[in-house]
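Protein chains in written order, with our numbering: chain B, 13 to 125; chain X, 1074 to 1248.
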């Protein structure tokens, strides 16, 4: 037996193994979850972006209508404060959507060609 | 050939093919990670994360290299990234230095020559140990080791020569 063969045999003998019988199943399960995220994510991101923008436009419209005294005639129970809260929530949601998309892009693995 | 078929089936979403691919490479991938991070739990997590990535992005595999080379490169990069993060956090090389190839409780240690080889491998430098695992255990060529580790081919050749010399010198007539 030559040197290389002996070293190879010895290392193969001493090879460490993953002592978890469910390891393969866990990988497949995690991968299928990650895969569905991968396919659904662009649609979800786009949908939430559209929802966020619509919310922002609609609530801004309410504020504008209220400021020119047009709104109280139709919706007397909405005051300026409520309108601003809606604008705030919509803007936060929109920023969150944009931010989470940027973070997801930066976390994309670099090992893949 | 059989491997290409397995990969194609795995790309198509065949669960059985995926399981076979994972089973075929997980232990060698584990040893590669272990040679870098030197901690069993961390190595296991790294292999799991790497395999998940490989399965998710398997459709991007271009067959420019062997599937195993692609996988081992991902495992190696993930391991190096993990070590980098640990060192940054701790400010030092925080790996568990206690991990060795040579294990006292190993029933296989009846063979004295085997014990010697394991002990000698533990004395090798970190780079040399990684080359040993990739060359002898993963059975990768020098070019493939270079692709995985980004070491130059001449550097790997020098390392291999040094490893063989060290082992031969220390083992003497044992080999």
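For glycine and all other residues, C-beta sits at the position ideal for the given N, C-alpha and C.
Are residue i and residue j closer than 8 Å when you measure CB to CB?
i                       : j                       : result
residue 1229 of chain X : residue 1206 of chain X : no
residue 1202 of chain X : residue 1194 of chain X : yes
residue 42 of chain B   : residue 1125 of chain X : yes
residue 1095 of chain X : residue 75 of chain B   : no
residue 1204 of chain X : residue 1218 of chain X : yes
residue 1080 of chain X : residue 1134 of chain X : yes
residue 30 of chain B   : residue 1209 of chain X : no
residue 1142 of chain X : residue 1093 of chain X : no
residue 1144 of chain X : residue 1129 of chain X : no
residue 28 of chain B   : residue 1103 of chain X : yes
residue 1159 of chain X : residue 1190 of chain X : no
Near residue i, which residues of its chain fall below 6 Å by C-beta distance, leaving aside the five closest residues on each side in sequence?
i                       : result
residue 1152 of chain X : 1106, 1109, 1110, 1119
residue 1187 of chain X : none
residue 1171 of chain X : Low confidence applies here, because residue 1171 of chain X scores a pLDDT of 47, under 50, leaving its location unreliable; read the following figure in that light. Excluding residues within five positions, none has a Cβ falling inside 6 Å.
residue 1083 of chain X : 1090, 1091, 1094, 1131
Does DSSP classify residue i as helix, strand or coil?
i                       : result
residue 1130 of chain X : coil
residue 1099 of chain X : helix
residue 33 of chain B   : coil
residue 1139 of chain X : coil
residue 1116 of chain X : helix
residue 1121 of chain X : helix
residue 1197 of chain X : coil
residue 1230 of chain X : helix
residue 65 of chain B   : helix
residue 80 of chain B   : coil
residue 47 of chain B   : helix
residue 1087 of chain X : coil
residue 56 of chain B   : helix
residue 1225 of chain X : coil
residue 1076 of chain X : helix
residue 1157 of chain X : helix
residue 1211 of chain X : coil
residue 26 of chain B   : coil
residue 1235 of chain X : helix
Which residue's Cα is closest to the Cα of residue i: the options?
i                       : options                        : result
residue 1224 of chain X : X/1075, X/1136, X/1146         : X/1146
residue 101 of chain B  : B/72, B/82, B/81               : B/72
residue 110 of chain B  : B/25, B/35, B/61, B/99         : B/61
residue 47 of chain B   : X/1132, X/1103, X/1137, X/1114 : X/1132
residue 79 of chain B   : B/54, B/94, B/66               : B/94
residue 1138 of chain X : X/1237, X/1238, X/1076         : X/1076
residue 63 of chain B   : B/15, B/44, B/108              : B/108
residue 1122 of chain X : B/77, B/35, B/98               : B/35
residue 1148 of chain X : X/1192, X/1099, X/1136         : X/1099
Does the beta-carbon of residue i have 16 or more other beta-carbons within 10 angstroms, so that it is buried, or is it exposed?
i                       : result
residue 1155 of chain X : buried
residue 1117 of chain X : buried
residue 1196 of chain X : exposed
residue 1161 of chain X : exposed
residue 1115 of chain X : buried
residue 1157 of chain X : exposed
residue 82 of chain B   : exposed
residue 1211 of chain X : buried
residue 70 of chain B   : exposed
residue 1101 of chain X : buried
residue 1085 of chain X : exposed
Enumerate in chain order the residues of its own chain whose CB-to-CB distance from residue i is below 8 Å, with the five nearest sequence positions on each side excluded.
i                       : result
residue 96 of chain B   : 75
residue 103 of chain B  : 68
residue 32 of chain B   : 38
residue 1237 of chain X : none
residue 166 of chain B  : Any question about residue 166 of chain B goes unanswered here, given that chain B covers just 13 to 125.
residue 1233 of chain X : 1204, 1208, 1215
Keeping to the same chain, check which residues put their C-beta closer than 7 Å to that of residue i; ignore five residues upstream and five downstream.
i                       : result
residue 1087 of chain X : none
residue 1169 of chain X : Only weak support is given to the placement of residue 1169 of chain X: the predicted model assigns it a pLDDT of 48, under 50, and the value that follows is read from those uncertain coordinates. If we look at residue 1169 of chain X and ignore the five residues flanking it on each side, its Cβ neighbours are 1111, 1112.
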